Amino acid sequence: NNTRWTDEVYQEYERIECGFFINLTEQEKDNAGQIVADRYKGTLTINARRPVYNTSFFSTLFNYQDNDFSIQYIPFQQFYYSENTSMSNLTAIIAFYCYYIIALDHESFSPEGGDKYMTKAENIVNTSQNMSDRGWKASEGNNNRYWLVNDYLNPAFKPLRELMYNYHRLGFDMMQQNIESGRNQIIESLKTLEKIWTQRPNAFLLQVFFSTKRNEIIAMLKDTPVNAKADLIPILKKIDPAQGSKYDAVAN
């Protein structure tokens with residue numbers, strides 16, 4: 397794959413580590429129940445992480461399983477991406493997540509710094525509206541590619557965008573220099589998620605955030621003084637109730 401997704405130059409230590417894991421589970425069938433040649437369904441799992449400044453540690457940016465993964469695949473077929481043109485569903489999906497990940501990386505280094513690339517991801521959603529494959533339309537559910545980018549750019553989710561910068565750049569990136577100050581930035585940034593939860597308690601992006609960050613947050617809280625995390629634990633349990641016992645385990 398020689399596609400360049402950005403014209404920016406990354407140093408080796410700045411590069412985003414990411415993986416795309418495709419699991420094809422079945423061949424598609426038509427309305428008569430007959431197998432459709434070269435058509436497959438399955439899942440796509442994406443994981444991306446960025447380095448923490450001046451350490452060997454990585455912070456996960458995105459950990460997500462796309463269950464609306466249906467593609468046409470012919471052996472030795474070549475896939476090309478070109479902006480604002482029609483493309484295969486596989487090409488569109490890969491391009492969408494590449495831009496989405498780059499956008500999140502930029503958001504973690506500068507306030508709302510991912511606009512350019514999030515807009516590119518949004519453009520792919522818009523040009524894919526006529527596809528018969530699922531995952532691109534608002535009407536197909538509230539937890540697909542459409543909502544990943546639509547909600548992220550929605551002003552109601554501005555606290556999450558602010559968190560991406562405060563949590564990573566002012567939090568983790570600063571912890572080696574001043575662990576207490578960096579940790580406090582992380583804690584205060586996580587508290588702001590309550591603003592989103594109050595308005596949208598079942599928000600898809602909150603679910604994605606916690607599936608991405610939960611283990612990292614819990615690991616950080618294990619070494620956090622009780623008085624520093626006392627106000628945060630109840631908020632996390634409220635927003636992520638199914639995992640309440642995990643937060644209780646690091647409360648003391």
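All letters in the sequence shown, in the order written, are residues 397 to 648 by this note's numbering. Every residue gets a Cβ at the ideal spot worked out from N, C-alpha and C, and that includes glycine. Since this is a predicted model, take the numbers as computed values, not measurements.
If you reduce the DSSP assignment to three classes, tell me which class Arg530 lands in. Residue 530 sits at position 134 when you count from the first residue of the sequence shown. Coil at Arg530, not helix or strand.
Rounded to the nearest angstrom, what separates Asp511 and Ser478 at their Cα positions? Residue 511 sits at position 115 when you count from the first residue of the sequence shown. Residue 478 sits at position 82 when you count from the first residue of the sequence shown. Taking the straight line joining both Cα atoms gives about 20 angstroms.
Helix, strand or coil, according to DSSP, for Pro555 in the structure here? Position 159 of the sequence shown holds residue 555. Three-state result, Pro555: helix.
Where does Ser455 sit, in a helix, a strand or coil, going by DSSP? The sequence position of residue 455 within the sequence shown is 59, counting from 1. Reduced to three states, the DSSP call for Ser455 is strand.
May I ask you to report which of helix, strand or coil DSSP gives Asn419? As a working note, residue 419 is residue 23 in the sequence shown. Of the three classes helix, strand and coil, the one that applies to Asn419 here is strand, per DSSP.
Taking Cβ positions, are Asn485 and Met527 nearer each other than 8 angstroms? Locating residue 485 in the sequence shown gives position 89, where the first residue counts as 1. Locating residue 527 in the sequence shown gives position 131, where the first residue counts as 1. Going by C-beta atoms, Asn485 is nearer than 8 angstroms to Met527.
Proximity winner among Glu424, Arg596, Gln572, relative to Tyr449 (alpha-carbon distances): For this step, residue 449 is matched to residue 53 along the sequence shown. Answer by Cα proximity: Gln572.
Please go through the same chain and pick out, in chain order, the residues whose beta-carbon is closer than 7 angstroms to the beta-carbon of Ala499, but skip the five residues on each side of it. Taking the first residue of the sequence shown as 1, we reach residue 499 at position 103. Correct list, in chain order: Gly510, Tyr513, Met514, Ala517.
Candidates Leu566, Trp543, Asp426, of which the one nearest Ala599 by Cα: Numbered from its first residue, the sequence shown carries residue 599 at position 203. Checked all of Leu566, Trp543, Asp426; the closest Cα to Ala599 is Trp543.
CB Lys587 to CB Ile629, shorter than 8 angstroms? For the purposes of this step, residue 587 is taken as residue 191 along the sequence shown, with counting starting at 1. For the purposes of this step, residue 629 is taken as residue 233 along the sequence shown, with counting starting at 1. Result no, Cβ atoms of Lys587 and Ile629 do not sit closer than 8 angstroms.
Exposure label - Asn419; buried when at least 16 CB within 10 Å: Sequence index remark: in the sequence shown, residue 419 carries index 23 (1-based). So Asn419 ends up on the exposed side.
Going by DSSP, what residue range makes up the alpha helix (DSSP H) through Ile470? Position 74 of the sequence shown, counted from the first residue, corresponds to residue 470. Counting along the chain, Ile470 falls outside any alpha helix (DSSP H), and DSSP gives it neither H nor E.
Using a 10 Å radius around the Cβ and a threshold of 16 neighbouring Cβ atoms, would you call Asp547 buried or exposed? Here residue 547 refers to the residue found at position 151 when the sequence shown is read from its first residue. Counting Cβ neighbours within 10 Å, Asp547 comes out buried, since at least 16 surround it.
Exposed unless 16 or more other CB atoms sit within 10 angstroms - verdict on Arg446: By one-based count along the sequence shown, residue 446 stands at place 50. Looking at its Cβ environment, which holds 16 or more other Cβ atoms inside 10 Å, Arg446 is buried.
Quick check on this structure: which residue in Ile583, Thr487, Asn463 has the alpha carbon closest to the alpha carbon of Gln474? Locating residue 474 in the sequence shown gives position 78, counting from the first residue. Nearest of Ile583, Thr487, Asn463 to Gln474, Cα basis: Thr487.
Assign Leu648 to buried or exposed, taking buried as 16 or more other Cβ atoms, counted over all protein chains shown, within 10 Å of its Cβ. The sequence position of residue 648 within the sequence shown is 252, counting from 1. As written in the sequence, residue 648 is Asn, which differs from the Leu given in the question. So Asn648 counts as exposed.
Is the stretch 449-463 in contact with the stretch 429-440, if contact means three or more CB pairs nearer than 8 angstroms? yes
Counting Cβ pairs, one atom from each stretch, are 3 or more of them under 8 angstroms apart for the stretch 401-419 and the stretch 489-497? yes
Thinking C-alpha only, which one of Pro471, Tyr469, Arg557 is nearest Ser506? Translated into positions along the sequence shown, residue 506 becomes position 110. Selected option, being the one with the closest Cα: Arg557.
In chain order, each alpha helix (DSSP H) run of at least 4 residues that lies wholly inside the stretch 604-648: 622-625, 628-635, 640-644
Could you tell me the alpha carbon to alpha carbon distance between Arg435 and Gln423, rounded to whole angstroms? Taking the sequence shown and counting its residues from 1, one reaches residue 435 at position 39. Taking the sequence shown and counting its residues from 1, one reaches residue 423 at position 27. Each residue's alpha carbon lies about 6 angstroms from the other.
Taking all protein chains shown into account, decide if Ala444 is buried (16 or more other Cβ within 10 angstroms of its Cβ) or exposed. Here residue 444 is taken as the residue at index 48 of the sequence shown, counted from 1. Buried, by the Cβ-count rule.
Nearest to Gly578 by alpha carbon, out of Glu612, Phe568, Asp627? Here the question's residue 578 lines up with position 182 in the sequence shown. Nearest option by C-alpha distance: Phe568.
Starting from the Cα of Asp529, find the closest Cα among Gln468, Asn427, Lys633, Val622 and give me that residue. On the sequence shown, position 133 is the one that residue 529 refers to. With distances taken between Cα atoms, Asp529 lies closest to Gln468.
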